[in-house]
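Right, one structure below, let's go through it.
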Amino acid sequence: MHRIAWLPGDGIGPEVCAAARTVLDAAGFAAEYIHGDIGWEFWRSEGEALPRRTVDLLRSTDCAFFGAITSKPGKDAERELAPHLQGKGLSYRSPIVRMRQLLDLYTCLRPARAFPANPLNYREGIDLVVFRENTEGMYIGVEFPRAPDSFYQEPGMARIPRHAAISIRSITPEGSRRIVRAAFEYAVRHGRRKVTAVHKANVLRATCGVFLEAAQEIAAQYPGIQFDTANVDAICMWLLKNPGNYDVIVTTNLFGDILSDLCAQLVGGMGFGYSGNIGDRYAVFEPTHGSAPKYAGQNKVNPLATILAAGMMLEWLGEREKAAEIEAAVARVVAEGAVRTYDLGGSATTEEMARAICARIGRPALAVR
Ligand SMILES: NC(=O)c1ccc[n+]([C@@H]2O[C@H](COP(=O)([O-])OP(=O)(O)OC[C@H]3O[C@@H](n4cnc5c(N)ncnc54)[C@H](O)[C@@H]3O)[C@@H](O)[C@H]2O)c1
Numbered sequence: 001m002h003r004i005a006w007l008p009g010d011g012i013g014p015e016v017c018a019a020a021r022t023v024l025d026a027a028g029f030a031a032e033y034i035h036g037d038i039g040w041e042f043w044r045s046e047g048e049a050l051p052r053r054t055v056d057l058l059r060s061t062d063c064a065f066f067g068a069i070t071s072k073p074g075k076d077a078e079r080e081l082a083p084h085l086q087g088k089g090l091s092y093r094s095p096i097v098r099m100r101q102l103l104d105l106y107t108c109l110r111p112a113r114a115f116p117a118n119p120l121n122y123r124e125g126i127d128l129v130v131f132r133e134n135t136e137g138m139y140i141g142v143e144f145p146r147a148p149d150s151f152y153q154e155p156g157m158a159r160i161p162r163h164a165a166i167s168i169r170s171i172t173p174e175g176s177r178r179i180v181r182a183a184f185e186y187a188v189r190h191g192r193r194k195v196t197a198v199h200k201a202n203v204l205r206a207t208c209g210v211f212l213e214a215a216q217e218i219a220a221q222y223p224g225i226q227f228d229t230a231n232v233d234a235i236c237m238w239l240l241k242n243p244g245n246y247d248v249i250v251t252t253n254l255f256g257d258i259l260s261d262l263c264a265q266l267v268g269g270m271g272f273g274y275s276g277n278i279g280d281r282y283a284v285f286e287p288t289h290g291s292a293p294k295y296a297g298q299n300k301v302n303p304l305a306t307i308l309a310a311g312m313m314l315e316w317l318g319e320r321e322k323a324a325e326i327e328a329a330v331a332r333v334v335a336e337g338a339v340r341t342y343d344l345g346g347s348a349t350t351e352e353m354a355r356a357i358c359a360r361i362g363r364p365a366l367a368v369r
């Protein structure tokens, strides 16, 4: 039996995870779910949003399922620490970024599929997949509130004002190759026609240059899949103009974060964006939305992103039929339109939406238009 670290987090995390769990049970997926502590409450009371015991849990399970957490900028986070932790030099670290780095979950896989008749679709027929590099780039966490003196020993650094804040962007050939390879392998396995590598190599010549060169090298190994490249700014316009021109998109960490939100909005927004953070041996599945504190505890938000993340988890675990059943049930409920949460223009609760999906699991899929 699969062992799954179950990390609901805070805000709306617990309610969307409960909805996904109902659907996993209805799909007949048998697993041992082991609760893990994560989120704001643990930052405040323990000074660590991803406690050590949760890291140990991740290391002893097959994969993890994560809801959502609240996080706040540095100074606000420090102010909210319990009194006994104040003034100890603790600084908030994003638990999701930490999980990605600790477990080397280098692929962030974010599908964006327009379910037929979703009233929130920007356009019907959109079916994109974004591969975001998840461990390098602007997210390595090396930042300086002021440029250190040692910087000025390097030529060219004199252009950086002494009071400038600095974030380091680090991109390696091997990190680039493995994310591009993951995108091509996905394209082959899922019958996708094209991979587009997104960069800004005309300006970020060193870092994006490495990424682009690696992408070209890997693309040459997959002659059966079309390959093209696009500047990140240009593709934002083209995705709105002609989303059908794209299929699988692969890019660096920050560009992928931004582009995948854009793609999620094309197919319904927060209620439909979900991801797998995938490494060679472990993976963490999640809806991409946050903890939406203003809706927490109201049984009101859309659980579909979380339910789709559960489907992706099943696929990763090799339970392809059950995964396909969940996706087909989501497609059916969206197309029927009888049960809709507020974001879709309805008044159904989170639980009602989950029950509607459960009721349609195992029924034949709707013909996709
Ligand atoms: N992976 C994560 O856990 C994650 C991701 C993003 C933000 N956050 C954190 O979440 C907190 C709130 O951030 P935010 O308000 O910028 O983003 P958010 O995604 O939590 O919510 C923004 C808005 O999107 C809508 N929304 C979100 N999820 C929805 C759902 N399932 N159904 C319907 N509508 C939904 C709501 O209108 C909500 O107010 C912050 O502390 C932020 O740091 C966490």
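Residue 243 in our numbering sits at position 243 of the sequence shown; the count goes up by one each step and never skips.
We put the beta carbon where it would ideally sit given N, CA and C, even for glycine.
Run through the DSSP bridge pairs and tell me what residue i is partnered with.
i	result
tyrosine 222	None; tyrosine 222 has no bridge partner.
isoleucine 278	Thr107, Ala283
alanine 68	Gly9
phenylalanine 227	Val195
alanine 112	Leu128
phenylalanine 272	The partner list for phenylalanine 272 (beta bridge, DSSP) is empty, contrary to what the question assumes.
asparagine 245	According to DSSP, asparagine 245 bridges with nothing at all.
isoleucine 166	Phe144
Residues in its own chain within less than 8 Å of residue i by CB, not counting five upstream and five downstream?
i	result
valine 368	Its pLDDT being 40, under 50, valine 368 is placed unreliably in this model, and the value from its coordinates should be taken loosely. For valine 368, where only same-chain residues beyond five positions count, the Cβ hits under 8 Å are Pro116, Ala331.
serine 94	Ala49, Ser71
arginine 193	Ala187, Ile225, Gln226, Asp247
alanine 264	Arg110, Ala112, Met270, Phe272, Gly273, Thr288
alanine 348	Val339, Arg340, Thr341, Ala356
cysteine 63	His2, Ile4, Ala5, Tyr282, Ala283, Val284, Phe285, Met313, Trp316, Leu317
Looking at ligand 1, does it come within less than 7 Å of residue i, judged from the CB to the closest heavy atom?
i	result
valine 16	yes
glycine 290	yes
glycine 9	yes
methionine 270	yes
proline 119	no
tyrosine 295	yes
asparagine 134	no
isoleucine 326	no
asparagine 242	no
glutamate 352	no
alanine 68	yes
aspartate 343	yes
serine 71	yes
asparagine 302	yes
Taking all protein chains shown into account, do 16 or more other C-beta atoms lie within 10 angstroms of the C-beta of residue i, making it buried, or fewer, making it exposed?
i	result
arginine 52	exposed
asparagine 134	buried
phenylalanine 144	exposed
valine 195	buried
isoleucine 218	buried
histidine 289	buried
glycine 191	exposed
asparagine 118	buried
aspartate 371	No answer is possible for residue 371: the residues shown for the chain start at 1 and end at 369.
glycine 39	buried
methionine 312	buried
lysine 241	exposed
asparagine 202	exposed
alanine 305	buried
Looking only at its chain, what residues have a beta carbon closer than 7 Å to the beta carbon of residue i, apart from the 5 residues adjacent to it on each side?
i	result
leucine 262	Cys236, Leu239
arginine 44	Glu80, Leu81, Ala82
arginine 132	Cys108, Arg110, Thr251, Asn253, Gly256, Asp257, Ser260
alanine 182	Thr107, Phe131
proline 400	In the structure as shown, the chain begins at 1 and stops at 369. Residue 400 is therefore absent and cannot be evaluated.
methionine 1	Ala30, Ala31, Glu32
alanine 147	Ile160, Arg162, Ala164, Ile166
alanine 292	Gly11, Ile12, Val301
Can you name, in chain order, every residue of its own chain whose Cβ lies under 6 Å from the Cβ of residue i, other than the five neighbours on each side?
i	result
proline 173	Val210, Ala214
isoleucine 361	Ala26, Ala27, Glu325, Ala329
histidine 199	Cys208, Phe211, Leu212
proline 303	Val16, Ala19, Thr350, Met353, Ala354
isoleucine 168	Val142
glycine 36	Ala5, Leu7, Thr54, Leu57
leucine 103	Gly279, Tyr282
lysine 372	As shown, the chain starts at 1 and ends at 369. That puts residue 372 outside it, with no answer to give.
Which one of the options has the shortest CA to CA distance from residue i?
i	options	result
threonine 229	Val250, Ala164, Met157	Val250
valine 180	Leu102, Leu120, Cys108, Gly311	Cys108
glycine 337	Glu319, Ala323, Lys322, Ile357	Ile357
tyrosine 186	Val130, Tyr139, Asn231	Val130
lysine 75	His163, Thr61, Leu90	Leu90
isoleucine 307	Val284, Asn202, Leu24	Leu24
glycine 47	Gln216, Thr22, Gln153, Ala77	Ala77
aspartate 343	Lys300, Ala359, Val333	Lys300
serine 60	Ile34, Phe42, Glu41	Ile34
Is the shortest distance between the beta-carbon of residue i and the beta-carbons of chain C less than 8 Å?
i	result
methionine 157	This model lacks chain C altogether, as it is built from one protein chain only.
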